[in-house]
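Student:
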Amino acid sequence: MIPVTSSQSPSASQRHVGFIHRTQAPQLLPHLLPESSSPSWFMYQSQTEIMVRAEYTMVESDSYSDLNCEKCGSGELPEELLLCDKCDKGFHMKCLRPIVVRVPIGSWFCPNCSGEKVKRVTSFSQKKIYDFFGIQVDPNVQEKGSSSQDAKRRKKRSGPRIVQKKKRRILPFVPSEDPAQRLKQMGSLASALTALNMEFSDHLTYLPEMAPRSANEASLESGGMQILTKEDTRTVELCKAMSKRGECPPFMVVFDSCEGYTVEADGPIKDMTFIAEYIGDVDYLKKRERDDCDSMMTLLLPSEPAQNLVICADRRGNIARFISGINNYTQEGRKKQNCKCLRYNVNGECRVFLVTTRDIAKGERLYYNYNGHEDEYPTQHFV
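Start counting the sequence shown at 1; every next residue gets the next number (UniProt numbering).
(1) Answer yes if the stretch 259 to 268 comes into contact with the stretch 171 to 190, meaning at least three C-beta pairs across the two stretches below 8 angstroms, and no otherwise.
(2) Between the C-alpha atoms of Lys240 and Thr330, what's the straight-line distance to the nearest angstrom?
(3) Can you tell me which of Asp281, Glu364 and Asn328 puts its alpha carbon nearest to the alpha carbon of Ser201?
(4) Near Leu285, which residues of its chain fall below 6 angstroms by C-beta distance, leaving aside the five closest residues on each side in sequence?
(5) On a CA-only basis, which of Leu81, Cys69 and Ser295 is nearest Leu196? Give me that one, please.
(6) Using C-beta distances below 8 angstroms, list every residue in its chain close to Ile319, excluding the 5 sequence neighbours before and after it, in chain order.
(7) With contact counted as at least three CB pairs below 8 angstroms, one residue from each stretch, are the stretch 91 to 106 and the stretch 122 to 130 in contact?
(8) Considering only DSSP beta bridges, list what Gly246 is partnered with.
(9) With three or more beta-carbon pairs closer than 8 angstroms as the criterion, would you say the stretch 331 to 340 touches the stretch 223 to 236?
(10) Pick helix, strand or coil for Tyr368, following the three-state DSSP scheme.
(11) In whole angstroms, what is the alpha-carbon distance linking Leu77 and Lys270?
(12) Mind pulling the beta strand (DSSP E) runs of 3 or more residues that sit fully within the stretch 185 to 223?
(13) Looking at the structure shown, is Val100 part of a helix, part of a strand, or coil, going by DSSP?
(14) Pick helix, strand or coil for Cys312, following the three-state DSSP scheme.
(15) Using a 10 Å radius around the Cβ and a threshold of 16 neighbouring Cβ atoms, would you call His203 buried or exposed?
(16) According to DSSP, is Val174 helix, strand or coil?
(17) When the Cα atoms are used, what is the spatial distance from Ala211 to Asp283?
(18) When the Cα atoms are used, what is the spatial distance from Lys184 to Gly75?
(19) Determine whether the beta carbon atoms of residue 395 and Cys110 lie at a separation below 8 angstroms.
(20) Here's the rule: buried if 16 or more other CB atoms are within 10 angstroms of the residue's CB, otherwise exposed. What is Leu81?
(21) Is DSSP giving Glu277 helix, strand or coil here?
(22) Under the three-state reduction of DSSP, which class applies to Leu285: helix, strand or coil?
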């Protein structure tokens with residue numbers, strides 16, 4: 001994977017204690033008062049209503065040298081202290097739950113002031129799961145068909161053994177045999193997407209206000225892009241077909257208080273197994289330089305930077321959105337990597353696939369390198 005890179009803006013640095021600004025509500029100007037305003041109008045307004053109307057402005061503070069983290073009580077590592085734009089209290093990025101991995105670009109509010117709580121849906125009915133993922137046919141009906149298809153694939157490979165150079169091919173995932181377990185797996189993904197107010201999608205989305213599909217031209221890639229082979233294309237198509245009929249990959253989306261949503265293997269998985277395609281809205285990187293989305297994936301890197309494309313998994317996505325990143329700054333963190341992103345030229349367009357890089361045991365959490373061969377994304381706070 002090649003990371004999304006952008007220069008840090010001045011507003012981003014203002015979240016650090018070294019560049020702190022205190023928040024203060026401005027006076028309500030006469031022309032902003034309601035038509036029926038009078039002295040008694042203010043007397044009967046609740047504090048909540050007044051605070052909703054008031055906008056926050058930034059004014060310089062004399063000193064924040066004695067500011068401590070509200071969680072650990074320490075004032076050490078001031079460069080990692082975030083200041084709430086509402087209550088003016090400080091928090092270490094690594095002390096927050098989930099951890100904040102980079103300095104927010106816009107305004108930032110602490111958990112107490114944001115008023116946002118983690119919304120987790122405990123369970124979905126079978127009908128809701130089918131509707132959520134657009135499954136039209138009962139997967140139990142398809143099991144016999146899929147078994148015969150697998151048999152055909154095995155029969156096709158039978159024959160005289162020919163000695164040749166071993167090639168790394170993408171393998172299809174093996175769904176769990178128990179239909180009830182597959183429902184549980186899909187339910188965990190539906191719950192995570194719902195909690196983040198996201199829609200499920202199994203294809204890249206091109207919106208009018210973003211990059212057009214015509215901009216996704218693999219031939220523009222600087223240095224060229226590898227073409228997906230016919231055999232790997234059939235594997236990807238097989239995996240997508242299985243998912244559409246409810247035979248999902250054997251993964252569970254699990255919420256971790258420290259890392260947030262994570263993905264765990266729900267069965268043994270072989271090396272080079274297809275996990276998912278990275279899905280979301282396609283946009284130009286230049287439009288997202290001041291975006292706080294933490295789920296952007298590089299799609300196209302042409303020689304002309306203005307044509308750089310990214311996949312933004314903030315409104316639409318799939319299980320790839322929840323796979324964790326490794327800590328590039330520690331050897332222990334790098335050892336956790338067990339999957340990777342591969343960019344391919346598929347019928348002239350760029351696509352991003354996630355595959356495993358080694359055998360994975362049941363219960364093991366999935367990790368990949370956000371930065372690839374570069375070190376632009378701040379991963380030092382990753383677990």
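Note that the Cβ used here is the ideal one computed from N, Cα and C, for glycine as well.
Tutor: For this structure:
(1) Flag = yes, the stretch 171 to 190 and the stretch 259 to 268 touch.
(2) 35 angstroms
(3) Asp281
(4) Excluding positions up to five away in sequence, the list reads Asn308 and Val310.
(5) The option with the nearest alpha carbon to Leu196 is Ser295.
(6) Leu189, Pro249, Phe251, Val253, Val263, Ile275 and Ala276
(7) The answer is no - the stretch 122 to 130 does not touch the stretch 91 to 106, with fewer than three Cβ pairs under 8 angstroms.
(8) Its beta-bridge partners do not exist; DSSP assigns none.
(9) no
(10) strand
(11) Their Cα atoms are separated by approximately 42 angstroms.
(12) none
(13) coil
(14) strand
(15) exposed
(16) Of the three classes helix, strand and coil, the one that applies to Val174 here is coil, per DSSP.
(17) 5 angstroms
(18) 44 angstroms
(19) Because the chain here runs from 1 to 383, residue 395 falls outside it and cannot be looked at.
(20) With 16 or more other Cβ atoms within 10 Å, it is buried.
(21) strand
(22) helix
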